[in-house]
Amino acid sequence: MSNDLFEHPVTASEPGASHFVAPLEETPLVAIDVVNVADKPSNLWIDAWRDARRRPTFWVSGALIILVVVVALFPWLFTSVLPNNDCQLLNSNGGPTAGHPLGFTKQGCDVYSRIINGTSTSLSVGIIVIVLTTVLGLVFGAFAGFYGGVVDAVLSRIGDIFFSIPYILAAVVIMSVLVNYRSVWTISLAIGLFAWPATARVLRAEILRVKNADFVMASEALGVSSLRILLRHVLPNSIAPVIAITTISLAAAIVAEATLSFLGVGLGSSIMSWGNDINQAQRDLRTNPQTLIYPSLALSITVFAFILMGEVIRDALDPKARALR
Amino acid sequence: MAGYILRRLLQAIPVFFGTTFLIYFMVFAMPGDPILALFGDKTPSPALVAQLRAQYHLDQPFIVQYLIYIGGIFQGNFGISYSGQPVGDILLRTFPVTLRLAVIALFFETVFGIVVGLISGLRKGKLFDASSLVVSLILISLPIFVIAFVGQYVFGVQLGWARTTVGTGAPVQDLILPALVLASISFAQIVRLTRSSVIETSGLDFVRTAYSKGLSRNRIVPVHILRNSLIPVVTYLATDFGVLLVGATVTEGIFNVPGVGNTLYQAIIRSEGPTVVSFVTVMVLLYLIVNLIVDLLYGLLDPRIRYVK
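Chains as they are written, first to last, in this note's numbering: chain A, 1 to 325; chain B, 1001 to 1309.
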């Protein structure tokens, strides 16, 4: 090996040097390699926030989500009409009137009020399902990815089994059996029980990537216990893709609840739900399409908001995805 | 290759037993009388209850019931529907219709999806790309029954271009509207997959080499870019079969297509529990078999897959 490098430091080009070496300040490397120590330290989350807040889609989806949450928490701010008590068959399938901007359902209930009061049902199902899928997905994905071997084989096969049944079909079976116990909790359980393997797979793949990093080896060398390495070092560094998929799962859970209610195996008819309203309205498609269109619109806008937010988060947390825009 | 096929088949065995056991467990290990629970508020005739009890061997311990049931599946006996017809016979009658619908839907979603995705990817950031991204996002956000109702109302009721329900024998021209509805969600996914894959491939070295060799764009786009961008799309089409099955249940129900999905749909809305369970089991088995075949084909097409554990 030659020792040229040490005898002729490459800081600047000297007369008589064997080849020209550009000063560091003039190379493109400066742009990426030199860290300004005066800058505030950055990390994935700060970068993601900087990336997201520059995008109009982030603000649009964020505003829609805040609106949905406010409507779900405080429905009385938006309507003073009680969704069930004011139903009069006199108004059956009636058009819009003063105080009832979207007209009436077949039972003579106020469409607008039913939509406003159904918001919390959809949102609750979405939230309960993602709590379930995230907890199950974290446990299965983290242990399978981190410990590998037999643990991985067993946990991954269990995941495969649940993944092989399309979750809406599984929920149809569960809800058919639980015919007398249909509530927000049981339907969320039925959806969440079969929707978690997607989260587990994403987390497992990410952990497999992270667990070979130098800082994991350093922790091992320092004698940190394996559970502590997993919880303190590996998991926090693999959680980013899970957050993106969770936001999209919330939208998928809302669609699943509406689909099950639409099929008539979802929530009981006494529970206010967009899926139930769409189910009730489908027979009047020809005569009174607005009773079907408005709840569908509310459902679609909510789902759109969460999917858009999920995509913004996914792209913001994935530096590779930025190149695709 | 033989090792890969063997490994993949061995992996399928626990999944097959696991899924059937899970469905069976959900229905028949619940507290109370599963037969009565399956009928909900309705009271079935004593004769039917007796027949179902005999069919599911409810006097035996749970695990024995399950094994008898699995033995029946291997002999092609999927159980008896609410109306007394063997599920296998209904399946033979309805499956060709669903297959026809699925093939038309697959045709629409792949052809239009790949074309739109390719143009978007080649014109990244232009007006066409931006609008196709917005449209695909909206399509992904719309639940399939909303798309079905809007399609039925606009093209069936308002414009009168298509029949709102499918006629007897399910002729192909009647199936076009339901197939377009069924294809819409996967179409959006294929557009996005193709787009990002085309953008990624266009930046690779061999494409630059092709350009610097002086090849024409008419040759580079189909031969160098498109062919190499299609791998993720093919992978997606395999998993898409599950989406198609669930989608077919709703779409066939709304358009009254006499297929497998519609049979399940009718059983669900009439709360005929035993038929629902039989058909969900059959659909899950179909899904498993299709995924297995696609995986095997995929191993044949892409040598890298065979060596990954």
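Note that the Cβ used here is the ideal one computed from N, Cα and C, for glycine as well.
- Counting only runs that start and end inside the segment 145-185 of chain A, the alpha helix (DSSP H) elements of at least 4 residues fall at 149-163 and 167-177.
- With three or more CB-CB distances shorter than 8 angstroms, the segment 1094-1101 of chain B counts as touching the segment 1245-1263 of chain B.
- Note: Thr97 (chain A) is bridge-paired with A:His100 in the DSSP secondary-structure output.
- Per DSSP, reduced to three states, the secondary structure at Pro1096 (chain B) is helical.
- Not one beta carbon of chain A lies nearer than 8 angstroms to the beta carbon of Phe1187 (chain B).
- Look at Pro23 (chain A) here: in three-state DSSP terms it is coil, with no helix or strand label.
- Between the alpha carbons of Val111 (chain A) and Gly103 (chain A) lies a distance of about 6 angstroms.
- The continuous stretches of alpha helix (DSSP H) do not include Gln1085 (chain B), and DSSP gives it neither H nor E.
- Gly268 (chain A) and Arg114 (chain A) have their alpha carbons spaced roughly 15 angstroms apart.
- Sequence-ordered contacts of the segment 288-304 of chain A with chain B read Pro289, Leu292, Ser296, Leu299, Ser300, Val303 and Phe304 [C-beta pairs closer than 7 angstroms].
- Using a Cβ-Cβ cut-off of 8 angstroms, Val255 (chain A) counts as an interface residue toward chain B, since at least one Cβ of chain B sits closer than that to its own.
- Below 8 angstroms, too few C-beta pairs join the segment 296-309 of chain A and the segment 1169-1181 of chain B to call them touching: fewer than three.
- Here Ile1231 (chain B) carries a helix assignment [DSSP, helix/strand/coil].
- For Ile271 (chain A), the three-state secondary structure derived from DSSP is coil.
- Annotation: Cβ neighbours of Arg157 (chain A) in chain B (cutoff 9 angstroms, chain order): Gln1011, Pro1014, Val1015 and Gly1018.
- At least one CB atom of chain B sits nearer than 8 angstroms to the CB of Ser164 (chain A).
- Of A:Ala63, A:Leu308 and A:Asn212, the smallest CA-CA separation from Leu230 (chain A) is found for A:Asn212.
- A residue is called buried once 16 or more other Cβ atoms fall within 10 Å of its Cβ, and Pro1143 (chain B) is buried on that count.
- A residue is called buried once 16 or more other Cβ atoms fall within 10 Å of its Cβ, and Asp1129 (chain B) is buried on that count.
- The criterion of a C-beta distance shorter than 8 angstroms is not satisfied by Thr1110 (chain B) and Ile1005 (chain B).
- Look at the segment 1281-1296 of chain B: the residues with a C-beta under 8 angstroms from a C-beta of chain A are Met1283, Val1284, Tyr1287, Leu1288 and Asn1291.
- With the rule of 3 Cβ pairs closer than 8 angstroms, the segment 1132-1141 of chain B does not count as touching the segment 1210-1222 of chain B.
- Among the residues facing chain B, Gly264 (chain A) is included, as its CB has a counterpart in that chain under 8 angstroms away.
- Contacts with chain A (Cβ-Cβ distance below 9 angstroms) from the segment 1144-1155 of chain B involve Ile1144, Phe1145, Val1146, Phe1149, Val1150, Gln1152 and Tyr1153, listed in chain order.
- Of A:Thr186, A:Asn180, A:Pro241 and A:Ala221, the smallest CA-CA separation from Val210 (chain A) is found for A:Pro241.
- If the five residues before and after Leu136 (chain A) are omitted, its C-beta is found closer than 6 angstroms to the C-beta atoms of Trp196, all from its own chain and listed in chain order.
- The Cβ atoms of Phe1241 (chain B) and Tyr1298 (chain B) do not sit closer than 8 angstroms to each other.
- Distance from Ser273 (chain A) to Gly126 (chain A) at the Cβ level is roughly 12 angstroms; contact not present, criterion being Cβ atoms closer than 8 angstroms.
- In the DSSP assignment, Asp284 (chain A) falls outside any alpha helix (DSSP H) and carries neither an H nor an E.
- Inclusion of Val1154 (chain B) and Ser1132 (chain B) in the CB contact set at 8 angstroms is not warranted, their separation being larger than that value.
- Contact check for Thr1019 (chain B) against Ile161 (chain A) passes: the beta carbons are separated by less than 8 angstroms.
- At a C-beta separation below 9 angstroms, Gln282 (chain A) has these neighbours in chain B: Phe1145, Phe1149 and Ile1254.
- At a cut-off of 8 angstroms between C-beta atoms, Thr259 (chain A) counts as an interface residue with respect to chain B.
- The beta carbons of Val1250 (chain B) and Phe1145 (chain B) sit about 5 angstroms from each other, so the pair counts as a contact at 8 angstroms.
- Here the segment 184-191 of chain A makes no contact with the segment 218-226 of chain A; the two share fewer than three CB pairs at distances below 8 angstroms.
- With its beta carbon less than 8 angstroms from one in chain B, Asp160 (chain A) belongs to the interface.
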